[in-house]
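There are 2 protein chains.
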Amino acid sequence: MRKDAERNRAAVLATAARLIAERGPDGFSMDDVAAAAGVGKGTVFRRFGDRDGLVQAVVDETSESWRAEAEALLEAGDVPPEERVITFVATLFDHVIAALPLVIAFERVSTRSIACDADAKLTHQRLVALISQVKPGADAEYLAHALIAQVRADTLRHMVERCGLDVARVRAGVISLARGVLSGDLAPAGS
Amino acid sequence: MRKDAERNRAAVLATAARLIAERGPDGFSMDDVAAAAGVGKGTVFRRFGDRDGLVQAVVDETSESWRAEAEALLEAGDVPPEERVITFVATLFDHVIAALPLVIAFERVSTRSIACDADAKLTHQRLVALISQVKPGADAEYLAHALIAQVRADTLRHMVERCGLDVARVRAGVISLARGVLSGDLAPAGS
DNA sequence: TTTCAAACGGACCGCCGGTCCGTTTCCTGT
DNA sequence: ACAGGAAACGGACCGGCGGTCCGTTTGAAA
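If you read the sequences in order, they're chains A and B.
When the letters of the first sequence are read in order and numbered with numbering that gives the first Met the number 0, they come out as residues 0 to 190.
When the letters of the second sequence are read in order and numbered with numbering that gives the first Met the number 0, they come out as residues 0 to 190.
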């Protein structure tokens, strides 16, 4: 990769991250990003394909670090299986809260596009593995979806910003619910 | 309200509903709707304000009927408190599944706009009331959010269309999880 | 029938995502 | 050191869309 290309790539990514953080999930246009990064519009599209690609790239930069953090917490010490699930979910929660506007922007593009992004799939698979170690008989695949749904960025924003729930309260609720899911019986559910 | 105005209103609503159902949550433009309804663009905007207003109006038409249905199920017979929650959630699930593209379109606009729409608030309040009758000590306000998050349209679509889970399986999961939430202890949750 | 407020409709505007292509910049081979 | 060419650049340009405006039409009340 050519030197100027790399420099521009970094500049665009940094600028996009900043604009999203400052002005919200849809408070930026591609022209904005290009101009603020001191780069031509064509350069942005050449590198990232389209708007969704840019958002995806910004997310990729941060998601790798959070994933490493989660994995470190999981490996460190001999955490019992149930606590591993809790740790994973709690870490995910913190990560989403820390980057709310970015994650909201990301959810919008990933929901819209056909391709299921690799990131979400990884998270889901990891959680499935963790859950099935605690409740071998349960529908781990569904439960993982259910827990992830709890920490969707727009859901969290809705609770916190619109309904005024405190972040700590929501966090406690999420963790409590995760515990309930893991410890409760698995009723086959009629009607 | 003038006769022609009423006729046009109905035509636009029906056309919008059809287009959303046929072409997905963002497969229509305001020009499309106006043309397909045999009406001028200005007429659509005059009546519904903007794109979001149109979607909201389409939703309002159907949400009233589902709400009535849910209320009927709740009143009919002497359903025990816990089953009332299950019934409510299950009915909501069925409603969302039945109108997936419409509800997805709606979630996008309602998430974006500042005003928390009356509809979602109503649903939430009703669920809070039902839950607090079953678990007086729990954080019913949060739990209601958590259960509603389970039946968010884009989450359901993600599970069903992208991850290939059967609708019946997801429905069973949702109900099972709701039961778990209601019957489980309310751990105060550390970490 | 007159009258006028209300509704209509489509031309028009500005913005935005995405493309195109002439120009510039960096690397490589000699 | 230099020449050549591939790769990157950048901004003019395009089509579509949400939303507005205003001259025209329509329906109902007096």
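For every residue, glycine included, the Cβ atom is placed at its ideal position computed from N, Cα and C.
Since this is a predicted model, take the numbers as computed values, not measurements.
Check whether residue i and residue j have beta carbons under 8 Å apart
i, j, result
"Val57(B)", "Leu121(B)", "no"
"Phe87(A)", "Arg125(A)", "yes"
"Ala171(A)", "Gly172(B)", "no"
"Gly179(B)", "Val180(A)", "yes"
"Val54(B)", "Ala104(B)", "yes"
"Val38(B)", "Leu18(B)", "no"
"Leu155(A)", "Val95(A)", "yes"
"Arg46(A)", "Arg8(A)", "yes"
"Val133(A)", "Glu81(A)", "yes"
"Leu72(B)", "Thr90(B)", "yes"
"Gly48(B)", "Gly183(A)", "no"
Residue i at chain A interface by Cβ criterion, 8 Å
i, result
"Gln124(B)", "no"
"Pro73(B)", "Position check: residue 73(B) holds Leu in this sequence, whereas Pro was assumed. Taking Cβ atoms only, chain A never reaches closer than 8 Å to Leu73(B), which makes this a no."
"Gly172(B)", "yes"
"Gln149(B)", "yes"
"Arg161(B)", "yes"
"Asp138(B)", "yes"
"Met29(B)", "no"
"Ile19(B)", "no"
Proximal residues of chain B, C-beta to C-beta of residue i below 7 Å
i, result
"Val169(A)", "Tyr141"
"Asp153(A)", "Thr110"
"Ala145(A)", "Gln149, Gly172, Leu176"
Identity of the residue in the options nearest residue i by Cα
i, options, result
"Asp51(A)", "Val169(A), Asp165(A), Arg111(A)", "Arg111(A)"
"Leu176(A)", "Val159(A), Val150(A), Arg156(A)", "Val150(A)"
"Ala97(A)", "Glu5(A), Gly136(A), Ala20(A), Asn7(A)", "Ala20(A)"
"Ala167(B)", "Val11(A), Asp138(A), Gly23(A)", "Asp138(A)"
"Ala13(B)", "Ala36(B), Phe27(B), Ala148(B)", "Ala36(B)"
"Arg83(B)", "Ile130(B), Gly48(B), Leu99(B), Met0(B)", "Ile130(B)"
"Ile147(A)", "Pro80(A), Glu106(A), Ser64(A)", "Glu106(A)"
"Ala15(A)", "Lys2(A), Met29(A), Ala4(A), Arg6(A)", "Met29(A)"
"Val11(B)", "Glu70(B), Ala34(B), Leu99(B)", "Ala34(B)"
"Asp153(A)", "Val108(B), Ser182(B), Pro24(B), Val159(B)", "Val108(B)"
"Gly163(A)", "Ala117(B), Gly41(B), Glu140(B)", "Glu140(B)"
"His123(A)", "Asp118(B), His157(B), Glu68(B), Leu99(B)", "His157(B)"
"Leu99(A)", "Ala117(A), Gly23(A), Gly183(A)", "Gly23(A)"
"Glu160(A)", "Cys115(B), Arg1(B), Ile174(B), Asp165(B)", "Cys115(B)"
"Ile174(A)", "Trp65(A), Ala117(A), Ile85(A), Met0(A)", "Ile85(A)"
"Trp65(A)", "Lys40(A), Asp118(A), Ala4(A)", "Asp118(A)"
"Ala4(A)", "Asp25(A), Gly41(A), Glu74(A), Phe27(A)", "Gly41(A)"
Closer than 8 Å to chain B by CB, residue i
i, result
"Arg66(A)", "no"
"Asp165(A)", "no"
"Asp77(A)", "no"
Any non-hydrogen atom of the ligand ATP closer than 7 Å to residue i Cβ
i, result
"Glu82(A)", "No copy of the ligand ATP appears in this structure; indeed no ligand is present at all."
Listed by chain order, chain A residues near residue i by CB distance under 9 Å
i, result
"Val180(B)", "Leu176, Gly179, Val180, Gly183"
Neighbouring residues, chain A, relative to residue i (Cβ below 7 Å)
i, result
"Met0(B)", "What Met0(B) touches in chain A: nothing, since even the nearest Cβ is about 32 Å away."
Contained alpha helix (DSSP H) runs [length at least 4] in the region 2–87 of chain A, N- to C-terminal order:
The qualifying runs are 2–22, 29–35, 40–47, 50–74.
Would you list, in sequence order, the uninterrupted alpha helix (DSSP H) runs of no fewer than 4 residues that lie entirely inside the region 79–150 of chain A?
Positions of the alpha helix (DSSP H) runs, each at least 4 residues long and wholly inside the region 79–150 of chain A, are given as 80–97, 99–111, 117–133, 139–149 in order along the chain.
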